[in-house]
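Residue numbers (the working numbering): 163 to 485.
For reference, the structure is listed below as C-alpha cells.
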C-alpha cells in the first residue's frame, strides 16, 4: 500500500476496526473510507455494489461482522449466520468485481473444531465437528475464508484471511449478557465495586482455557500482513490450495478462573466470585499455533495485565455515569 492509497475499513467503529484505523493513521495512511452501518448496510447487495462502484477502494480491511459472546452466539444463531454471510459475500464479491488490489478478511478462532489438538494449527480446520453454541457464526467465518481462497484461485485476486484469537480492547462491547468474556467481566466487577455488592456471578466452571490478544497488537499484525504478505507467499509448495489463512494470537493461554482473578485485582473489587455451573463452558481450550505469523516477523507486544489495565481505564473514562 502507498500512503495515499484509498483504503476502505469496513466496521471501523468496532473493536477491531477502530484499532485498525488507529494503526493505519499512526503509519501515515490517511486516505481512509469509513462508513457506519446506518450510512452503508453491507448486508444489502444493492447498497454494497453501489458503494464499490462509486468509491472504488484500492484496499479493503473486512472487519465488519455480527459478533457476540457465547450467549449471543447461541441465542441469535440465525442472525449470526445470515448477517455474516451477507456481509462477506457482498464485500468479497464486489472487491473482485471492482478491482480491489488486496483484501484482508478478519475471521475468528472459533472456526476450529471443538476438540482440535492444541495449539491449533491452520491445518486443523474442518477436521472434526464445531462447538455447538457458536456453530452458525463459525460456519459463516469459514465460508468467508473459503470465498477468499476460491476467488484467488479462480480469478487471481489477492484476498488474505487472518484468524485472530479472543480479542479485547477499546471500543469493545461491554455487554454482560451477550458480550465476550473479558469485557463482560470488566463491567461485572466494576459495577459490583461501584454498587458495593458482596459477590459477582460468572458463567460456567472457570476451567476452560482461553488465549487473549490486545486489539492494538492485532492491528499491527494485520497492517503488516497487508503491506508485506501476498496470497502467493501463502501457497508455495501446495499441491491443493487450502488452509491459507493466518492465525494471530499470543501463543499462551490461561483458565477463565485465572482471568477472573486478574480482572478482579485490576478493577480493585474486594467481594467474592460465584460460578454458575448451570451455564455453558464452551470449547475446553482454544490456543492458536502462531508459528506462521511469527515466520513473517511479528509477535505480540502487550502483556495481558498491561492490556487489561489499558482497557479498564478506557472503560471507566467512557462510562463515567456508572461511577
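A virtual CB, placed ideally from N, CA and C, is assigned to each residue, including glycine.
Small disclaimer: the values here were computed from a predicted structure and weren't measured.
- With respect to the C-alpha of residue 242, the residue from 403, 196, 451, 300 having the closest C-alpha is 300.
- The segment 448-465 makes contact with the segment 409-416: 3 or more CB pairs, one atom from each, lie closer than 8 Å.
- Taking C-alpha positions only, residue 290 is separated from residue 272 by approximately 13 Å.
- The C-alpha of residue 396 lies about 41 Å from the C-alpha of residue 426.
- Residue 468 counts as exposed, since fewer than 16 other C-beta atoms from the protein chains shown sit within 10 angstroms of its C-beta.
- By the beta-carbon neighbour count (other beta carbons within 10 angstroms, threshold 16), residue 382 is buried.
- Distance check between residue 401 and each of 195, 315, 475 places 315 closest, using alpha-carbon atoms only.
- Shown here for residue 304: same chain residues with a beta carbon closer than 6 Å to its own, the five before and five after excluded, namely 273 in chain order.
- Sequence-distant partners of residue 196 (beyond 5 residues in either direction) whose C-beta falls short of 6 Å from its own C-beta, in its chain, are 171, 174.
- Inclusion of residue 327 and residue 375 in the CB contact set at 7 Å is warranted, their separation being smaller than that value.
- Contact between residue 473 and residue 322 is ruled out by a C-beta separation of about 27 Å, above the 8 Å threshold.
- Under the three-state reduction of DSSP output, residue 201 falls in the coil class, being neither helix nor strand.
- Shortest Cα-Cα distance from residue 266 to any of 337, 313, 359, 355 involves 313.
- When the alpha-carbon of residue 442 is set against those of 237, 298, 262, 404, the nearest one is in 237.
- When DSSP states are grouped into helix, strand and coil, residue 208 belongs to the helix group.
- Taking 7 Å as the cut-off, the Cβ atoms of residue 439 and residue 367 count as close.
- Look at residue 246 here: in three-state DSSP terms it is helix.
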